[in-house]
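Each residue of the sequence shown is one higher than the one before, starting from 1 at the first, in UniProt numbering. For every residue, glycine included, the Cβ atom is placed at its ideal position computed from N, Cα and C. All values reported here derive from a predicted model rather than from experimental measurement. Worksheet: one structure, shown below.
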Amino acid sequence: MRPRCPCEEPRRRVSGPCTAPLGSSPATARWWLRPGCALLGCLRSLSAGVWAQISLEETGGGLRAPGDSVLLSCRGYGFNFGGSFIRWYRQAPGGRPEWVSFINPFSTQMDSAAAVEGRATVSRDNSRSETYLSLRALKPQDSARYFCATSHRDRKSS
1 MRPRCPCEEP RRRVSGPCTA PLGSSPATAR WWLRPGCALL GCLRSLSAGV
51 WAQISLEETG GGLRAPGDSV LLSCRGYGFN FGGSFIRWYR QAPGGRPEWV
101 SFINPFSTQM DSAAAVEGRA TVSRDNSRSE TYLSLRALKP QDSARYFCAT
151 SHRDRKSS
């Protein structure tokens with residue numbers, strides 16, 4: 001059984017056994033942009049042959065009016081954040097998760113979905129193991145639960 005996601009809490013480090021809990025449904029409040037549940041993954045250390053847990057913690061968001069801006073942040077734990085690709089996703093009430101934005105480890109490649117193009121800025125601070133998603137000129141269709149994900153793989157060899 002996979003763990004339930006504590007989405008009701010405004011700031012919570014989510015961790016679990018190598019799952020991707022999207023558990024509870026998104027908040028239904030209008031313009032509720034509280035960050036969502038972290039997608040969790042596993043890192044396999046090839047040299048040690050053991051599994052290590054990683055986690056991501058999102059903060060920011062809240063109630064916003066049309067035309068406002070919002071800044072969301074995501075901090076990584078338990079892995080080499082500076083070597084990881086980070087993606088932002090969102091899930092509208094009753095909808096499926098959809099990709100929002102992407103940033104590579106060196107901030108040299110960034111991309112955003114057509115729905116937020118020209119209004120979204122993704123950035124990162126590897127020294128703090130954090131990435132940020134800024135959305136400007138908010139629209140009703142931006143009302144969703146936002147979360148970040150990584151697809152990091154430890155490739156160290158002994």
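Sheet register partners of residue i (DSSP bridge)
{"i": "G118", "result": "Paired residue(s): none; G118 is not in a bridge."}
{"i": "V100", "result": "Answer by DSSP bridge pairing: none, since V100 is not bridged."}
{"i": "I86", "result": "I103 and T150"}
{"i": "L71", "result": "S134"}
{"i": "D111", "result": "F102"}
{"i": "S123", "result": "Y132"}
{"i": "G76", "result": "L56"}
{"i": "Q141", "result": "Bridge partners of Q141: none, in fact."}
Beta-carbon contacts of residue i that lie in its chain and below 6 angstroms, excluding the five residues immediately before and after
{"i": "S112", "result": "S101 and A120"}
{"i": "V122", "result": "S101, I103, M110 and L133"}
Cβ shell of residue i (< 7 angstroms), same chain only, five flanking positions each side left out
{"i": "W99", "result": "R87, Y89 and A113"}
{"i": "T144", "result": "In the sequence as presented, Thr is not what sits at residue 144; that position holds Ala. Hits under 7 angstroms: P26, R90, Q91 and A92."}
{"i": "L135", "result": "S69, V70, V116, R119, A120 and D142"}
{"i": "N126", "result": "F81 and G82"}
Enclosing beta strand (DSSP E) for residue i [first to last residue]
{"i": "T131", "result": "E130 to L135"}
Contact set for residue i: own chain, Cβ-Cβ below 8 angstroms, skip 5 residues either direction
{"i": "G67", "result": "A137 and L138"}
{"i": "S84", "result": "G76, P105, T150, S151 and H152"}
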